[in-house]
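A short worksheet on the structure shown next.
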Amino acid sequence: MSDLLSRRLALLGERANLPLLTQCLHGIERECLRVDGNGQLALTPHPPALGSALTHSQITTDYSESLLEFITPAEKDPAVTLADLEKVHRFTVDKLGDELLWSPSMPCRLPGEEDIPIARYGTSPIGRLKYVYRRGLAVRYGKTMQCIAGIHYNYSLPEGLWPLLKQAEGDPQSDRDYQSARYIAMIRNFRRYSWLLMYLFGAAPALDKSFLRGRPHDLQSLDADTLYLPYATSLRMSDLGYQNNAQSGLTPCYNSLDSYLSSLRQAVSTPYPPYAEIGTKQNGEWVQLNTNVIQIENEYYSSIRPKRITYTGERPIQALASRGVQYVEVRCLDINPFLPLGIDLVEARFLDAFLLFCALQDSPPMAGDECRGATDNFQTVVKEGRRPGLELLRHGQPIGLKEWATDLLDRIDHTAALLDLALDTREHAEAMAVQRARVENPDLTPSAQVLAELRERGESFTEFALRQSRAHAAYFRSEPLSAEDQERFESMARESLAEQARLEAEPDVDFDTFVAAYQASILGLIGN
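Numbering-wise (this note's numbering), the sequence shown opens with residue 744 and increments by one.
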């Protein structure tokens, strides 16, 4: 353990400072497809009983009208966060009738591209803008890729922790700049070590062959309908998933917040010739918001993002530039198809220890070679992470995955112990033990368990996923919400529909003018 990490752990372990670690905040966003009772993509509109996808704070849609997204509030205890998430699921399942929530990250057997419905958000300018943005995603990447689902884990350390570290280390930056710098340093370490998360929690080693639409691939056939890689952990995070030529040259530098923002500013303002050939309109209809490398900041596909809660009408890049980093959004987590929520408390406790380690561990700037090496390690693990004897590169030198993972877990043990001490629990240590067992025995990983289930039962990927989806629906229906929670969600649904109606009743705004103003909001930041 480094001297810096030891000093930071000791400082936070002091009796007066330990309560800070009970103030971390956790939020979860879970995406999942709606399917019919036979496991086909639901082509029905977003159920009105769930409220407005535009204005509801907890139940919305992502890319497709069929792709639900559930959002929890930020809570100090991830157990409470998961309880929040479960309530959203129970309410939703009750309103879905015969439809189901698809259990894994990789999609069901999809209809033709033209029949995958893009999410609709009504006739207000902001609703139309959200729709056009998604039309742009369809033009750029195809609709199939946009039907992949995942879990985003939002995490922040308490505001009071940063001035404490800053003072102890004699850092001359302002509190805001120090906090942002530490979060960016945390992200650098996440980039270095996130391959470990893919090994431990990757749960997408197989997919329905229709997903590839006849594209060339290097996958193997498990059966007539299922493709896989024998040692893969997460095909979702491989080059089969969220990858794109236009973004291949976009690797934001995480050596400072300014350099990160500069990369995004450039991407949202630099035309990309193939998109320029398409144009923003076809036959008078908007098909993408602009012809730049990315239309808006959220189009950048990354495994983790620095975030700041935005004000009404404010863009994410504006919030970060004006007020700094507030939390991080971990975006590389697969949905575990064996779990009704796709994630459980054991995973959340480990993530907390892992992220705290990333925040406190030394994090020197990353040169180009190290950036590429981190990406290569990540991609190696998602496609062959369980391969016996697999080696990665650490500081340019080969090292066995098992050896490096064991070394990392030894170091993360210290942050897990600190969290257990602060929260008077053993749950972080117990979560660490589960992960150690997975490093010792790859058959215990979710990705291995998915393949074992397919082989043992002789099921296709779709048959397995549909069985799990039905089991999860039965689980959620087995225990109805309390009357109080039911009424709260009913009220949120009604109020969100009323808010959308209010937005649509406002005086008409020329949509071209609205889009131009939205685009101009980023131009004011260029060069700042």
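All C-beta atoms, glycine included, are put in the ideal place defined by N, C-alpha and C.
1. Could you check the C-alpha separation between isoleucine 891 and proline 850 for me, to the nearest Å?
2. For threonine 765, count the other beta carbons within 10 Å of its own beta carbon; 16 or more makes it buried, fewer makes it exposed. Which is it?
3. Alpha carbons only, please: which of Ile930, Ser846 and Leu1084 is nearest the one belonging to valine 1193?
4. Taking the alpha-carbon positions, what's the proline 973 to methionine 941 distance?
5. DSSP three-state label for alanine 759, please.
6. Would you please state the rounded distance, in angstroms, between the beta carbons of valine 1177 and valine 1089? I believe it to be under 8 Å.
7. What residues are listed by DSSP as bridge partners for glutamine 775?
8. Here's the rule I'm using: 16 or more other beta-carbon atoms within 10 Å means buried, otherwise exposed. How should threonine 1168 be labelled?
9. From Phe1257, Met1235 and Leu872, pick the residue whose C-alpha is nearest to that of glutamine 801; which is it?
10. Enumerate in chain order the residues of its own chain whose CB-to-CB distance from aspartate 914 is below 6 Å, with the five nearest sequence positions on each side excluded.
11. Would you mind working out which of Ser1046, His789 and Ala753 sits nearest alanine 1117, comparing C-alpha positions?
12. Would you list the residues sitting across from aspartate 951 in a DSSP beta bridge?
13. Residue range of the beta strand (DSSP E) that threonine 1140 falls in?
14. How many whole angstroms separate the CB atoms of proline 948 and tyrosine 971, which I take to be in contact at a CB cut-off of 8 Å?
15. Who pairs with arginine 1048 in a beta bridge, going by DSSP?
16. Please return the same chain residues whose Cβ sits closer than 6 Å to the Cβ of leucine 1144, not counting the five positions on each side in sequence.
17. Do you know offhand how far aspartate 1163's Cα is from glutamate 902's?
18. Grouping DSSP H, G and I as helix and E and B as strand, with all else coil, what is isoleucine 891?
19. Using the Cβ count rule (16 or more neighbours within 10 Å means buried), how would you classify histidine 1138?
20. Whole angstroms is fine: what's the gap from threonine 1149's alpha carbon to arginine 1179's?
21. Should isoleucine 771 and leucine 828 be called a contact, given that it needs their Cβ atoms to be closer than 7 Å?
22. Looking at C-beta atoms only, is the number of pairs between the segment 1064 to 1081 and the segment 1014 to 1029 that lie closer than 8 Å three or more?
23. Quick check on the DSSP output: what are the complete beta strand (DSSP E) runs of length 3 or more inside the segment 880 to 936, in order along the chain?
24. Whose CA, out of Phe834, Asn760 and Leu1000, lies closest to the CA of glycine 794?
25. For asparagine 932 versus glutamine 1104, is the C-beta spacing smaller than 7 Å?
26. If you draw a straight line from the C-alpha of tyrosine 876 to the C-alpha of glutamine 1038, how long is it?
27. Can the beta-carbon of asparagine 1035 be found less than 7 Å from the beta-carbon of threonine 1055?
28. Sort Met888, Gly893, Ala911 and Ala1165 by Cα distance to arginine 958 and report the nearest one.
29. Would you kindly work out how many angstroms separate the C-alpha atoms of alanine 1174 and alanine 881, rounded to a whole number?
30. Looking only at its chain, what residues have a beta carbon closer than 8 Å to the beta carbon of valine 1068, apart from the 5 residues adjacent to it on each side?
31. Using DSSP with H/G/I as helix, E/B as strand and the rest coil, what is histidine 769?
32. So, with DSSP's three-state summary, where would you put tryptophan 938?
33. What residue range does the alpha helix (DSSP H) around arginine 1237 cover?
34. Hey, quick one: how far does the alpha helix (DSSP H) through glutamate 829 stretch, first residue to last?
35. Just to confirm the assignment, what range does the beta strand (DSSP E) spanning leucine 1135 have?
36. Over what stretch of residues does the beta strand (DSSP E) that includes isoleucine 1060 continue unbroken?
This is what the structure holds:
1. So the two alpha carbons sit approximately 6 Å from each other.
2. Exposed: under 16 other Cβ atoms inside 10 Å.
3. Selected option, being the one with the closest Cα: Ser846.
4. 15 Å
5. Three-state DSSP puts alanine 759 in coil, outside helix and strand.
6. Rounded to the nearest angstrom, the Cβ distance from valine 1177 to valine 1089 is 6 Å, consistent with a contact under 8 Å.
7. One point to set straight first is that residue 775 is cysteine, not glutamine, in the sequence displayed. Looking at the DSSP assignment, cysteine 775 forms a beta bridge with Leu811.
8. exposed
9. That would be Met1235, whose Cα lies nearest to the Cα of glutamine 801.
10. Tyr921
11. Ser1046
12. Thr969.
13. Note that residue 1140 is glutamine in the sequence shown, not threonine. Unbroken beta strand (DSSP E) run through glutamine 1140: 1140 to 1143.
14. 5 Å
15. Glu1072
16. Excluding residues within five positions, the ones whose Cβ falls inside 6 Å are Leu1133 and Leu1135.
17. Cα to Cα, the separation comes out at about 20 Å.
18. coil
19. exposed
20. Cα to Cα, threonine 1149 sits roughly 7 Å from arginine 1179.
21. yes
22. no
23. 894 to 899
24. Phe834
25. Taking a C-beta distance under 7 Å as the contact criterion, asparagine 932 and glutamine 1104 qualify as a contact pair.
26. 7 Å
27. Cβ distance not < 7 Å, so asparagine 1035 and threonine 1055 don't count as in contact.
28. Met888
29. 40 Å
30. Gln922, Ser923, Tyr926, Ile927, Leu1000, Pro1049, Lys1050 and Arg1051
31. strand
32. Residue state for tryptophan 938 is assigned as helix, using DSSP reduced to three classes.
33. Arginine 1237: member of the alpha helix (DSSP H) spanning 1226 to 1248, first to last residue.
34. Here the alpha helix (DSSP H) through glutamate 829 covers 821 to 838.
35. Where leucine 1135 is concerned, the enclosing beta strand (DSSP E) starts and stops at 1134 to 1137.
36. First-last for isoleucine 1060: 1059 to 1066, but that is the alpha helix (DSSP H), not the beta strand (DSSP E).
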